[in-house]
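Residue numbers for the sequence shown, in our numbering: 33 to 236.
Ideal Cβ positions, reconstructed from N, Cα and C, are used throughout, including at glycine.
Have a look at the structure below before the remarks.
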Amino acid sequence: MQISYLSKFLDLQKLYLSHNQQLQNIGPLKFCTQLTELRIRETNVADIWSLQFMKNLKILYIGYTKVVDLHPLQHLYKLESISANETRIIDVSPLSNLTLLDKLYLDQYKINKQTLKHHKNFSKYSLSGQKDPTTDELKFYNKILSVHSSHKKIRKIQAENIVSKFRESMTRQKESIKLKINEQIHYMNMKIEIIFSHVSYADQ
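Have a look at this one:
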C-alpha cells in the first residue's frame, strides 16, 4: 500500500490506517508533523522511525504489528496513550521521559519489569495475555502502577461478575413483569366479578 500522497497533507491531525496488511512502510508520514493521533493497528509495519518527527503526537495505536523498537518515540513528549497489544515489545525504557504518558497497553508478551520503574505516572497499564504472572509480579505491578489488568484469569472473574449481575437484573425484570401480570389478572378478575354481579342482579 502506497501512502506517499499523504506527505502532502502537512496539517493532518488524525490518521487511521489500521486493518491493512499491505501497509509496511510509513516513511512518508515523517512530513505529517501536526499529527496528534495515529492508528496503524493490524498492519505489517515494523519500523516506526518516521514517528520521531511527530512532536505533537498524543495517541498512538501500533497493536498487532511487527514493531519491536520504541526508541523513535523517546522524544515525543506529548504522548499520552500508546496501544501496542500483541507485539513483541519487551523494552519500554525509551518511554521513561514521557511524563504525560499515562496509558500503556502492551499485552501478550513479557515486559521487563525493571524497565517499568520509571513509569510511576501510568494511570492504566494492561497486562492482558501475560502468561501466568506470579503473585510477586502482580504485587510489583500493583505497587508501582494503578493497574488496569485484563489478564485472562481476571477477565474470567470480571465476566462471571457481569453474568451474575445480568442474571440478577433479568430475575428482577421477570419478577416485575410477573407482578404486573398478576396485578392485571387480579384487575380483570375484579372486573369479571363486577360484570357477573350486575348480570346476576339483572336476572333477579
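Looking at the secondary structure, which residues open and close the beta strand (DSSP E) in which residue i lies?
i    : result
L111 : Note, L111: premise wrong, no beta strand (DSSP E); not H, not E.
Y137 : K135 to Y137
Given a threshold of 16 other Cβ atoms within 10 Å of its Cβ, counted over all protein chains shown, does residue i qualify as buried or as exposed?
i    : result
S208 : exposed
M86  : buried
Y219 : exposed
V100 : exposed
D164 : The predicted position of D164 is uncertain, since its pLDDT is 47 and thus under 50; a value taken from the coordinates is nonetheless stated next. By the 10 Å Cβ count, D164 comes out exposed.
L108 : buried
T203 : exposed
L211 : exposed
I217 : exposed
I213 : exposed
I'd like to confirm the pairing. Which residues does DSSP put opposite residue i in its beta bridges?
i   : result
I91 : E69 and S113
K98 : Answer by DSSP bridge pairing: none, since K98 is not bridged.
N52 : T75
K46 : E69
Looking at residue i: is its Cβ nearer than 8 Å to the Cβ of residue j?
i    : j    : result
G59  : R73  : no
T75  : L49  : yes
L133 : P104 : no
Q54  : N88  : no
L92  : I114 : yes
A78  : K110 : no
For residue i, which residues of its own chain have a beta-carbon under 8 Å away from its beta-carbon, when the five flanking residues on both sides are left out?
i    : result
L61  : I35, L38, S39, L47, L67, L70, S82, L83 and M86
T119 : I94, G95, Y96, T97, K98, V99, V100, L138, Q140 and Y141
Q56  : M33, T75, N76, V77 and A78
Quick one: residues in its chain with C-beta nearer than 6 Å to the C-beta of residue i, no 5 flanking neighbours on either side, listed in chain order?
i    : result
F63  : S39
Q106 : P126
E169 : For E169, the predicted model reports a pLDDT of 47, less than 50, meaning its position is unreliable; a value from the coordinates is still stated below. Taken in chain order, the list of residues that qualify is empty.
For residue i, I'd like the list of residues in its chain whose CB is within less than 7 Å of its CB, leaving aside the five on either flank, ordered along the chain.
i    : result
E215 : none
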